[in-house]
Amino acid sequence: MPQKLRLKCFLSPGDIVMLTAAVRDLHLSHPEKFVTDVRTSSDALWDNNPYVRRLPDDASDVDHFEVHYPLIQQSNQRPYHFIHGFAQYLEERLQIRIPLTAFRGDIHLSAEEKCWASQVAELGYSGPFWLIVAGGKFDFTAKWWNPAHYQHVVDHFWGRVPFVQVGEKAHWRTPLKRVGS
Numbered sequence: 005m006p007q008k009l010r011l012k013c014f015l016s017p018g019d020i021v022m023l024t025a026a027v028r029d030l031h032l033s034h035p036e037k038f039v040t041d042v043r044t045s046s047d048a049l050w051d052n053n054p055y056v057r058r059l060p061d062d063a064s065d066v067d068h069f070e071v072h073y074p075l076i077q078q079s080n081q082r083p084y085h086f087i088h089g090f091a092q093y094l095e096e097r098l099q100i101r102i103p104l105t106a107f108r109g110d111i112h113l114s115a116e117e118k119c120w121a122s123q124v125a126e127l128g129y130s131g132p133f134w135l136i137v138a139g140g141k142f143d144f145t146a147k148w149w150n151p152a153h154y155q156h157v158v159d160h161f162w163g164r165v166p167f168v169q170v171g172e173k174a175h176w177r178t179p180l181k182r183v184g185s
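Residue 126 in this note's numbering sits at position 122 of the sequence shown; the count goes up by one each step and never skips.
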């Protein structure tokens with residue numbers, strides 16, 4: 005009988021994307037050994053995910069716990085990427101190995117979502133474009149890059165690659181020139 009898990013994490017969406025990779029690799033490396041429910045700050049990232057299943061809130065046979073990535077505390081000492089953090093935590097917690105299978109998060113779009121036009125296409129542009137997040141959250145300012153460097157990248161590709169500046173309004177960001185928003 006598979007072990008039932010309820011993983012909880014209420015960090016930022018980028019963190020949850022990395023958790024999707026750990027859940028994928030948990031199930032690929034241990035098929036049918038786990039039934040996994042997730043409760044996160046970004047539940048929409050789990051829509052259509054074949055590796056998760058909502059379990060009843062009152063189920064008594066579910067091992068539920070907060071997931072973390074303590075690997076971040078050793079980011080300057082060990083040769084690992086953030087994508088390894090949640091998987092290593094689950095390995096310790098569950099006493100199993102979880103090999104990384106793909107160096108990316110695991111987001112599943114519905115057939116309908118795959119047919120949607122981008123908001124950029126809705127404005128009349130049909131080619132490829134880049135999203136740029138020129139700013140950041142106030143909790144990890146080390147992730148910030150000098151806004152002049154972002155502008156230099158946009159200027160370098162001006163006329164060849166259109167950019168759309170995105171980011172949460174409550175976070176720090178400097179408006180760039182020659183970008184959509």
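No residue lacks a Cβ here, since even glycine has one placed at the ideal position from N, Cα and C.
Cross-strand partners of residue i (DSSP beta bridge)
| i | result |
| --- | --- |
| E70 | K12 |
| F142 | According to DSSP, F142 bridges with nothing at all. |
| F38 | Q7 |
| F167 | W134 |
| R43 | K12 |
| V157 | Answer by DSSP bridge pairing: none, since V157 is not bridged. |
| W176 | G140 |
| G184 | V168 |
Sub-8 Å separation of residue i and residue j beta-carbons
| i | j | result |
| --- | --- | --- |
| L59 | P17 | no |
| D51 | R10 | no |
| L15 | S45 | yes |
| P74 | Y93 | yes |
| Q169 | A125 | no |
| A91 | D47 | no |
| E70 | K147 | no |
| I100 | A25 | no |
| W134 | F107 | no |
| W162 | R182 | yes |
| E36 | P83 | no |
Buried versus exposed, by CB contacts within 10 Å (16 or more), residue i
| i | result |
| --- | --- |
| G142 | Just to set this straight, residue 142 is Phe in the shown sequence, not Gly. Classification of F142: exposed, given that the 10 Å Cβ count is below 16. |
| V165 | exposed |
| D110 | buried |
| H31 | buried |
Backbone CA spacing between residue i and residue j [nearest angstrom]
| i | j | result |
| --- | --- | --- |
| D2 | E172 | Since the displayed the chain opens at 5 and closes at 185, residue 2 lies outside it and no answer follows. |
| V39 | K118 | 27 Å |
| L180 | L113 | 30 Å |
| P151 | E96 | 40 Å |
| Q81 | W120 | 43 Å |
| I136 | V66 | 40 Å |
Whole-number beta carbon distance between residue j and residue i, since they are thought to touch under 8 Å
| i | j | result |
| --- | --- | --- |
| S33 | P103 | 6 Å |
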